[in-house]
Structures are given as structure tokens and as C-alpha cells.
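K.L.:
Just dropping this structure here.
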Amino acid sequence: MKPHTSSKRLSPKQRLRIQTRHRVSIERFGYQPQALYWSSREIQQVRFDILARVFAQQAPRREKGAFSVLDVGCGFADLRNYLWDKGLDIDYVGIDLSEDMVQSARFQYPDIQVRQGDLFDQDFAAEQFEFVLLSGALNEVVESDQKGQKTGQGSYAKAVIAEMYRICSKGVAFNLLDARNEWVASRPDLQSFVPQEVVDYCQTFAERVVWEDGYLDNDFTVFLYKSAETVEA
Ligand SMILES: C[S@@+](CC[C@H](N)C(=O)[O-])C[C@H]1O[C@@H](n2cnc3c(N)ncnc32)[C@H](O)[C@@H]1O
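Going from the sequence shown to our numbering is simple: count from 1 and add 36.
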């Protein structure tokens, strides 16, 4: 696939930092949620539980075929089996910046497609996914240092969110760390957001925006839909 020409692509320095961080965590923990910087399997799955609500109005299986799903920052691609176990018929593609994560995901789930790179490395001109999901991949601080200029905090995350919406045909779901949580806000290595500010931003381009918090102390989830109507089965 042709690389995206957008200036929003991560710099080599940022890529290397994220890749190194995950190489080290896999070497240390192996195939464990801790390698993904989740404290436990339960914490990972609470986030999946909420993300899966994006399918709420959909029949679990359709005669038309599986739902196409792109999982951005898929890690070990555990979301795929989670959704399958829920009875959702999905055609899954994962993408992750970390080469080591991609290799591990392919090893865990040899039958699925996992791509290596950043969302902006892909040319989605001829490709669309019904649902585009993201869990935890925007939790690290990312500052664009292209041309020596630092952009405002969260500008990369905002670009990713807008791109997820652009390439989906039905809906997007993503989670972010909640800046209202003191522990999260105090961590210089973590990127966190005020939910209402993210919702306001998403309302500038998305047809319908819904958000949810309260399932964990430090996290919230946003759902974006292409249709203003509740999606029918
Ligand atoms: C906290 S882990 C979550 C993994 C998976 N979504 C899950 O919940 O099991 C974050 C993942 O996002 C990946 N990642 C971080 N920044 C990324 C980016 N800009 N593009 C793609 N993947 C990214 C990391 O390599 C890592 O595998």
C-alpha cells in the first residue's frame, strides 16, 4: 500500500520510541496484558466491553456477511477473539506501529490480517471499514517534532480520530485517558483528555457523537456514527 502523504505522520523519533517501549515490554512480560501496559486482563476487557457497544444496534450475524472492523493499535489483536466470543461475526484487520506487537499478534492468531505501521502509513483510498475501533493506542504522549516544531498536545490524537471517522462507513469507537483523574493528569508520559473537549471536537465533523465514562476511574469512550439515526440491524 502507498504511504499516506499527510504531514500528520509520526516522526521517525516518535515511532522508534513507541516501538522500543513495546519491544522491551514484550521481552519482559511475553504474551500478557502487562506487555500492553494494561494492569490486568480484566482492565483490558472492561475497555473492550464498552467499545463493543458500538455494535449495539447491529444483529450479531448477518446474511450479508461479517462486519469489517479495523482495530487501530491492536497490540496482540485480542479484541478480535473477544468480539468473536461475543458472537459477533467480524472480518478483522489490525494495525499496530510496533513490529514486535505485529509479529506476536500474527503468532497468536495466524489466520488474521495484521498490518504494521501508523494509520497514516496506509492508503485507504480504495478501502473502507464498517467499524474502526481503538483501545489504548492514544494513551502515550505524542508530540510532532517534524521540522523541529512541536504541535499542541493531542493534535496527533485528533488527527487519528478524524481519520478513523473518514475511513469508516458506520461507526467509530475509541477510548482515551480521562484528564479529570488526578493520577493520570500527573503522569508526564501519559496523554489525557477532558471528555467534553473531545466531544466538542468530534461534533465538528461527526454526524452523531455519544460518550460514556464511569466504567473505570481514568478512562472514557467516545462513539461516532455516520448516521444521525440509530443504526438498524
Ligand atoms: C495499550 S496497548 C493496547 C493494545 C490493544 N488495543 C488492546 O487493548 O489489547 C497500545 C498499542 O497501540 C500501539 N500504538 C501506539 N501508538 C500507535 C500509533 N500511533 N499507531 C498504531 N499503533 C500504535 C502500541 O504499539 C500498542 O500495541
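The beta-carbon is built from N, C-alpha and C at its ideal position, and this holds for glycine as well. No experiment lies behind these values; they were computed from the predicted model shown.
1) Sorted by chain position, which residues of the same chain lie with C-beta nearer than 8 Å to Leu213's C-beta, five sequence neighbours on each side aside?
2) Which one or two residues does DSSP pair with Gly207 in a beta bridge?
3) Residue range of the beta strand (DSSP E) that Trp120 falls in?
4) Between which residues of its own chain and Gln185 is the CB-CB distance below 7 Å, once the five residues before and five after are set aside?
5) Go to Gln232, then tell me how far its alpha helix (DSSP H) extends in each direction, as first and last residue.
6) Roughly how many whole angstroms lie between the Cα atoms of Ile86 and Ser47?
7) Strictly by DSSP, which residues pair up with Glu248?
8) Please state if the CB of Lys262 and the CB of Lys206 are separated by a distance shorter than 9 Å.
9) If we call anything under 9 Å between Cβ atoms a contact, is Val178 one with Arg151?
10) Going by other Cβ atoms of all chains shown within 10 Å of its Cβ, with 16 needed for buried, is Gly123 buried or exposed?
11) Determine the direct distance from the alpha carbon of Arg223 to that of Arg59, and round the result to whole angstroms.
12) For Arg51, which of helix, strand or coil comes out of DSSP?
13) Can you tell me which of Phe84, Thr257, Gln93 puts its alpha carbon nearest to the alpha carbon of Trp120?
14) Please classify Ser134 as buried or exposed, where buried requires at least 16 other C-beta atoms within 10 Å of its C-beta.
15) Could you say which of Gln68, Ala264, Gly111, Arg244 lies nearest to Ala173 if we only look at CA atoms?
16) Mind reading off the beta-carbon distance from Val208 to Leu155? Whole number of angstroms is fine, and I expect it under 8 Å.
17) Sorry if obvious, but does the Cβ on Asp159 come closer than 8 Å to a heavy atom of ligand 1?
18) So, do the region 157-168 and the region 60-68 have three or more beta carbon pairs nearer to each other than 8 Å?
19) Let me make sure I understand the geometry here. Which of Ala242, Thr257, Tyr251 has the alpha-carbon closest to that of Ala264?
P.N.:
Working from what's here:
1) In the sequence shown, the residue the question calls residue 213 occupies position 177. So the list reads Asn175, Val220, Leu226, Gln227, Ser228, Phe229, Asn254, Asp255, once near-sequence residues are dropped.
2) As a first step, residue 207 must be located in the sequence shown, where it is residue number 171. Its beta-bridge partners are Phe167, Tyr261.
3) The residue given as residue 120 occupies position 84 in the sequence shown. Counting along the chain, Trp120 falls outside any beta strand (DSSP E), though it belongs to the alpha helix (DSSP H) covering 114-121.
4) For the purposes of this step, residue 185 is taken as residue 149 along the sequence shown, with counting starting at 1. With a pLDDT of 44 at Gln185, under the threshold of 50, the modelled position of that residue is not reliable, and the figure given next carries that caveat. Taken in chain order, the list of residues that qualify is empty.
5) Here the question's residue 232 lines up with position 196 in the sequence shown. Its alpha helix (DSSP H) spans residues 231-238.
6) For this step, residue 86 is matched to residue 50 along the sequence shown. For this step, residue 47 is matched to residue 11 along the sequence shown. Whole-angstrom Cα-Cα distance: 31 Å.
7) What you label residue 248 is simply residue 212 of the sequence shown in a count that begins at 1. The partner list for Glu248 (beta bridge, DSSP) reads Thr257.
8) Within the sequence shown, numbered from 1, the residue matching residue 206 stands at position 170. Within the sequence shown, numbered from 1, the residue matching residue 262 stands at position 226. For Lys206 and Lys262, yes; Cβs fall inside 9 Å.
9) Locating residue 178 in the sequence shown gives position 142, where the first residue counts as 1. Locating residue 151 in the sequence shown gives position 115, where the first residue counts as 1. Cβ atoms of Val178 and Arg151: not closer than 9 Å.
10) Mapped onto the sequence shown, residue 123 falls at position 87. Gly123 should be labelled exposed.
11) To locate residue 59, count along the sequence shown from 1; it is residue 23. To locate residue 223, count along the sequence shown from 1; it is residue 187. Spanning the two alpha carbons is a distance of roughly 22 Å.
12) One-based indexing of the sequence shown puts residue 51 at position 15. Here Arg51 sits in helix by DSSP.
13) Translated into the one-based positions of the sequence shown, residue 120 becomes position 84. Comparing Cα-Cα distances from Trp120 to each of Phe84, Thr257, Gln93, the minimum goes to Phe84.
14) As a first step, residue 134 is located in the sequence shown; it is residue number 98 there, counting from the start. Counting Cβ neighbours within 10 Å, Ser134 comes out buried, since at least 16 surround it.
15) For the purposes of this step, residue 173 is taken as the residue at position 137 of the sequence shown. Ranking Gln68, Ala264, Gly111, Arg244 by Cα distance to Ala173 puts Gly111 first.
16) As a first step, residue 208 is located in the sequence shown; it is residue number 172 there, counting from the start. As a first step, residue 155 is located in the sequence shown; it is residue number 119 there, counting from the start. Val208 to Leu155, Cβ: 12 Å. No contact.
17) In the sequence shown, counting from the first residue as 1, residue 159 sits at position 123. No, ligand 1 has no heavy atom inside 8 Å of this Cβ.
18) no
19) Residue 264 sits at position 228 when you count from the first residue of the sequence shown. The residue with the shortest Cα to Cα distance from Ala264 is Ala242.
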